[in-house]
Amino acid sequence: MSAVDLRTILADPDHSGAYFIDVRDADAMAQTAQGLDFAVMRVDLAGCTDKDGLMSRLAKAGGFPDDFGANWDALSDALRDMAWRTAPGYVWLIENASDWRDAHHADFDTLLEILNEAAFEWAHADVAFWALLPFPGDKLTALED
Numbered sequence: 059m060s061a062v063d064l065r066t067i068l069a070d071p072d073h074s075g076a077y078f079i080d081v082r083d084a085d086a087m088a089q090t091a092q093g094l095d096f097a098v099m100r101v102d103l104a105g106c107t108d109k110d111g112l113m114s115r116l117a118k119a120g121g122f123p124d125d126f127g128a129n130w131d132a133l134s135d136a137l138r139d140m141a142w143r144t145a146p147g148y149v150w151l152i153e154n155a156s157d158w159r160d161a162h163h164a165d166f167d168t169l170l171e172i173l174n175e176a177a178f179e180w181a182h183a184d185v186a187f188w189a190l191l192p193f194p195g196d197k198l199t200a201l202e203d
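Residues 59 to 203, numbered by our numbering, are exactly what the sequence shown covers, in order.
Below, the structure written as structure tokens:
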């Protein structure tokens, strides 16, 4: 895929959402998003052992306000607002999520649901909102099965 195609895709709010991508594409996606002046938030879940750790890492990467409640409802509210970090679009790169997903299936599904709902809300405002979850190729193939 060319850089122009990637820019076109990322700039289109109608296709926003939470997607699994190949880990080898993460840097190109982040660079392309930065080229569009999107806010790019990188969240590293390596070594993350629980939901509290997840919330802490998301809040730090997103620069969430100090009064962030660190629960699913607060995360949903924060992702749908982002008033403290205005940008023409948003890209969340949630890296090293494979082990966290394996250990926390239900919470992982809740996170994906919240990310997709936020993307849907932002699309109504004509703003691109992407949550990209880079997985190694073998784990990516397993997700498709």
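Backbone N, C-alpha and C define an ideal beta-carbon position, used for all residues, glycine too. Given the structure is predicted, the values throughout are model-derived calculations rather than measurements.
Hey, how far is the Cα of residue i from the Cα of residue j?
| i | j | result |
| --- | --- | --- |
| GLY195 | ARG82 | 9 angstroms |
| ASP131 | THR168 | 11 angstroms |
| ASP80 | LEU133 | 25 angstroms |
| GLU179 | LEU170 | 14 angstroms |
| PRO123 | ALA186 | 22 angstroms |
Among the options, which residue has its Cα nearest to the Cα of residue i?
| i | options | result |
| --- | --- | --- |
| TYR77 | ALA177, ASP184, ALA181 | ALA177 |
| ALA69 | ALA119, PRO146, ALA84 | PRO146 |
| ASP157 | ALA128, ALA88, CYS106, LEU64 | CYS106 |
| ILE152 | ALA189, VAL185, ASP125 | ALA189 |
| PHE166 | MET140, ASP110, PHE187 | ASP110 |
| ASP72 | PRO192, PHE193, ASP95, ALA183 | ALA183 |
Provide the residue span of the beta strand (DSSP E) that contains residue i, from first to last.
| i | result |
| --- | --- |
| MET99 | 97-102 |
Based on the DSSP secondary-structure assignment, which residues constitute the bridge partners of residue i?
| i | result |
| --- | --- |
| ARG151 | Inspection of the sequence shows that residue 151 is occupied by Leu rather than by Arg. Beta-bridge pairing links LEU151 to ARG100, LEU190. |
| ASP85 | According to DSSP, which records beta bridges pairwise, ASP85 is partnered with nothing at all. |
| PHE78 | LEU191 |
To which residues of the same chain is residue i closer than 7 angstroms at the C-beta, ignoring the five residues directly before and after it?
| i | result |
| --- | --- |
| ASN174 | GLY75, ALA76 |
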